[in-house]
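To start, the structure itself, in structure tokens.
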Amino acid sequence: MSEALNQTNRAVPQQAGSAIPATAHVDATSRELLLGAYNVKKYFPIMGGFLRHQIGSVYAVDDVSLEVFRGEKFGLVGESGCGKTTFGRTILRLEKATAGKVVMAGQDVLALQGDDLKKMRRRMQIIFQDPYGSLNPRMPISDIIGEGLVAQADKFNGWAKRDIRDKRVGDYLEAVGLRRDYSRRYPHEFSGGQRQRIGIARALVLDPELVVCDEPVSALDVSIQSQILNLLSDLRAQFNLTYLFIAHNLSVVQYFCERIGVMYLGKLVEVADTDDLYAGPLHPYSVALLSAIPLPDPRVRKKRLVLKGDVPSPANPPTGCRFHTRCWLRDRLGNPAECATTEPVLRSLGGTRQVACHFAEKVTAEAVQATVATQDVIETATDD
Ligand SMILES: Nc1ncnc2c1ncn2[C@@H]1O[C@H](COP(=O)(O)OP(=O)(O)O)[C@@H](O)[C@H]1O
Ligand code: SF4
Ligand SMILES: [Mg+2]
Numbered sequence: 501m502s503e504a505l506n507q508t509n510r511a512v513p514q515q516a517g518s519a520i521p522a523t524a525h526v527d528a529t530s531r532e533l534l535l536g537a538y539n540v541k542k543y544f545p546i547m548g549g550f551l552r553h554q555i556g557s558v559y560a561v562d563d564v565s566l567e568v569f570r571g572e573k574f575g576l577v578g579e580s581g582c583g584k585t586t587f588g589r590t591i592l593r594l595e596k597a598t599a600g601k602v603v604m605a606g607q608d609v610l611a612l613q614g615d616d617l618k619k620m621r622r623r624m625q626i627i628f629q630d631p632y633g634s635l636n637p638r639m640p641i642s643d644i645i646g647e648g649l650v651a652q653a654d655k656f657n658g659w660a661k662r663d664i665r666d667k668r669v670g671d672y673l674e675a676v677g678l679r680r681d682y683s684r685r686y687p688h689e690f691s692g693g694q695r696q697r698i699g700i701a702r703a704l705v706l707d708p709e710l711v712v713c714d715e716p717v718s719a720l721d722v723s724i725q726s727q728i729l730n731l732l733s734d735l736r737a738q739f740n741l742t743y744l745f746i747a748h749n750l751s752v753v754q755y756f757c758e759r760i761g762v763m764y765l766g767k768l769v770e771v772a773d774t775d776d777l778y779a780g781p782l783h784p785y786s787v788a789l790l791s792a793i794p795l796p797d798p799r800v801r802k803k804r805l806v807l808k809g810d811v812p813s814p815a816n817p818p819t820g821c822r823f824h825t826r827c828w829l830r831d832r833l834g835n836p837a838e839c840a841t842t843e844p845v846l847r848s849l850g851g852t853r854q855v856a857c858h859f860a861e862k863v864t865a866e867a868v869q870a871t872v873a874t875q876d877v878i879e880t881a882t883d884d
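First residue of the sequence shown: 501, per our numbering; consecutive thereafter.
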């Protein structure tokens, strides 16, 4: 699809004299496929030995397939180290995929080269987790936000010209709630929340369609988090954006996302609409993950389903189902061999729900309660 056609399809009217579009209506139910990731793998080599040769691999992302629809806020959750960031970076081609296919608005992202790749980079942007480390301390904000414009300058957009660039940077600073004259300042002059706004402006100034938000609020004070989440929501409507929102904080994803994918050790184990997932997770790992959400009232104590053992190393993942070494349901079912020998595929369980478990039909509220009852761990609600 050509850039011009794509712009037309997005139907975002431009305000006269401003780079900022007027608020557009986003119909999340239209279900136009924007991003398709199919069997994506990213293995990092482990080097060792006297000659520093490859002695193994970190299977950071191992055969992950998911689809994100235009206008959606799709959440990717899972414990630290399960491959969320690597997946996001791989689909953006910030990491070289080991295998798989990524289709963005009909284009084969991993096959793009040269000018086509440059155009695609503009359409897919990232907001980083760390608002301190992700901004170059030696560059003024105008250059930090304008850097991408310089890289993407052509004879049509005029971004090679400083005055056009500065105007656009100012427009986007205002769009994220900052003053346009902040462009002359340096990162150290801003608070964490303001820096994250600058990071958001840097991503949006290129007019992307898909934005990977990699834990964009987890480094911020709780009081600032909701401001940034609300800003991201508003910006989605204003700029007709689609988010792949990565987080480990389940309350944040529940609040922010419409659909969620749960990852465990490099694999996607469950995909569901947010309300369905939180009402009744169907993968044993999702059950344990969601049971760890603190209750809003700190005086209320709740029992949570505690998993045995630690997360195995992604350099040496368990055979069959990767979760089998810690799975409470497998224990309950008398340790069926299938769990350790056969990898479960992500299968549809009605509606939009997909689950990668041979025995997902056995995940019932009664089974969960009975398992929790056998554990003697009582948790008091705590803040994440
Ligand atoms: N550049 C890299 N080289 C080697 N291993 C890496 C690299 N980046 C990430 N990993 C490993 O890949 C796994 C997944 O990491 P990551 O994607 O950062 O997880 P998450 O974002 O879910 O916390 C981890 O075991 C991590 O140590
Ligand atoms: S396949 Fe077996 S080990 Fe894996 S989640 Fe299901 S019950 Fe547990
Ligand atoms: Mg991460």
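Virtual Cβ for every residue (Gly too), placed ideally from N, Cα, C. Predicted model, so just to flag it, every value in this text is computed and none were measured.
Asked: Beta-carbon proximity check, V872 vs L805, cutoff 8 Å; Found: yes
Asked: Exercise answer, beta-carbon shell around ligand 2 heavy atoms below 5 Å; Found: P784, C821, F823, H824, C827, L829, R830, C839, P844, C857, H858 and F859
Asked: Pocket of ligand 1 (residues with CB nearer than 6 Å to any heavy atom), chain order; Found: F544, V558, A560, G578, S580, G581, C582, G583, K584, T585, T586 and P814
Asked: heavy atom of ligand 4 below 7 Å from D630 C-beta; Found: With respect to ligand 4, the structure shown offers nothing to examine, as its ligands consist of ligand 1, ligand 2 and ligand 3.
Asked: Nearest candidate by alpha-carbon position, reference M604, set D663, D671, P708 and K584; Found: P708
Asked: Three-state class that DSSP yields for F745 in the structure shown; Found: strand
Asked: Residues of its chain near P781, where Cβ-Cβ distance is below 6 Å and the 5 sequence neighbours each way are ignored; Found: V787 and L790
Asked: Three CB pairs or more closer than 8 Å across the segment 711 to 727 and the segment 652 to 672; Found: no
Asked: Distance cut-off 7 Å: E595 Cβ against heavy atoms of ligand 3; Found: no
Asked: Meets three-Cβ-pair contact criterion under 8 Å: the segment 769 to 780 and the segment 733 to 744; Found: no
Asked: Beta-carbon contacts of A599 that lie in its chain and below 6 Å, excluding the five residues immediately before and after; Found: K541
Asked: Beta-carbon proximity list for K808, same chain, < 7 Å, skipping 5 on both sides; Found: R826
Asked: Candidates D563, E567 and K573: closest to V753 by CA position; Found: K573
Asked: C857 versus Q554: straight-line alpha-carbon distance, rounded; Found: 32 Å
Asked: Residues near D562 by beta carbon distance below 7 Å, same chain, minus five either side; Found: K541, G766 and K767
Asked: Residue span of the alpha helix (DSSP H) that contains R888, given as start and end; Found: Nothing can be reported for residue 888, as the shown portion of the chain is limited to 501 through 884.
Asked: Proximity winner among G575, L735, D734 and L612, relative to N749 (alpha-carbon distances); Found: G575
Asked: Rounded separation between A651 and L704 - CA only; Found: 14 Å
Asked: Of the listed residues G851, L829 and A870, nearest to F859 (C-alpha basis); Found: L829
Asked: D671: CB within 7 Å of a non-hydrogen atom of ligand 3; Found: no
Asked: Limits of the beta strand (DSSP E) - the one that S565 falls within; Found: H553 to F569
Asked: CB contact below 8 Å: L534 versus chain D; Found: Going by chain labels, chain D is absent from the structure shown, which holds only one protein chain.
Asked: Pick from I627, G850, N730 and I546 that is closest to P716, judged by C-alpha positions; Found: I627
Asked: Element boundaries [beta strand (DSSP E), containing M547]; Found: L533 to G548
Asked: Bounding residues of the alpha helix (DSSP H) (the contiguous stretch that carries K655); Found: That residue, K655, is in no alpha helix (DSSP H); it is neither H nor E in DSSP.
Asked: Buried versus exposed call for A865 [16 or more other C-beta atoms within 10 Å across all chains shown]; Found: exposed
Asked: Separation of L710 from R679, as counted between CA atoms; Found: 25 Å
Asked: Where E770 falls, given that 16 or more other Cβ within 10 Å makes a residue buried; Found: buried
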